[in-house]
Amino acid sequence: MKNIVYATAIALGSLSTISANPPIFHDGIMELVIAQEFTEIAVKDVPTAVVEGLEKDHMGATIQKAYVNEELEYKLEVALEDGSTSTFYFDADGNPIDM
């Protein structure tokens, strides 16, 4: 009889740990997503340093669309010489950014 009581107690105890909700940790991902919100700007409004940075790294690339975020990081959708399109990111000084 004792074995049945112990077995029942162990079974009920193990079920409660399985159904427990794991803790939620805030790891800063939402700040990263929010910081990456870009707004479209006219291609003529892209700073000269950014255009020169693009030309230095990707000779012959043509800017199709340009975007900027609050941190003055620029997202450029460009057409490359081989006909393909790509997206590049630059800071306000024309330095490439890995995103």
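Everything in the sequence shown is counted per this note's numbering, starting at 5 for the first residue and increasing by one. Just so it is clear, CB atoms sit at the ideal spot from N, CA and C, and this is done for glycine as well. Computed from a predicted model, the values in this text were never measured in an experiment.
CA-to-CA distance, residue j to residue i, given in whole angstroms
i, j, result
"ASP95", "THR89", "20 Å"
"LEU84", "HIS62", "8 Å"
"ILE67", "GLU59", "10 Å"
"TYR91", "VAL54", "A quick correction: the sequence has Thr, not Tyr, at residue 91. Each residue's Cα considered, the two are about 13 Å apart."
"GLU41", "LEU80", "14 Å"
"GLU74", "THR43", "9 Å"
Within 9 Å, strictly: CB atoms of residue i and residue j
i, j, result
"ILE45", "VAL72", "yes"
"ALA178", "TYR78", "Missing from the structure shown is residue 178; the chain here goes from 5 to 103 and no further."
"PRO51", "GLY98", "yes"
Endpoints, alpha helix (DSSP H) assigned at residue i
i, result
"ALA83", "Taken as a continuous stretch (DSSP letters only), ALA83 belongs to no alpha helix (DSSP H), being part of the beta strand (DSSP E) at 78–83."
Three-way DSSP call (helix, strand, coil) for residue i in this model
i, result
"GLU44", "strand"
"ILE101", "coil"
"VAL55", "helix"
Start-to-end residues for the beta strand (DSSP E) that takes in residue i
i, result
"VAL72", "66–72"
"SER88", "Neither: SER88 is in no beta strand (DSSP E) and is coded neither H nor E."
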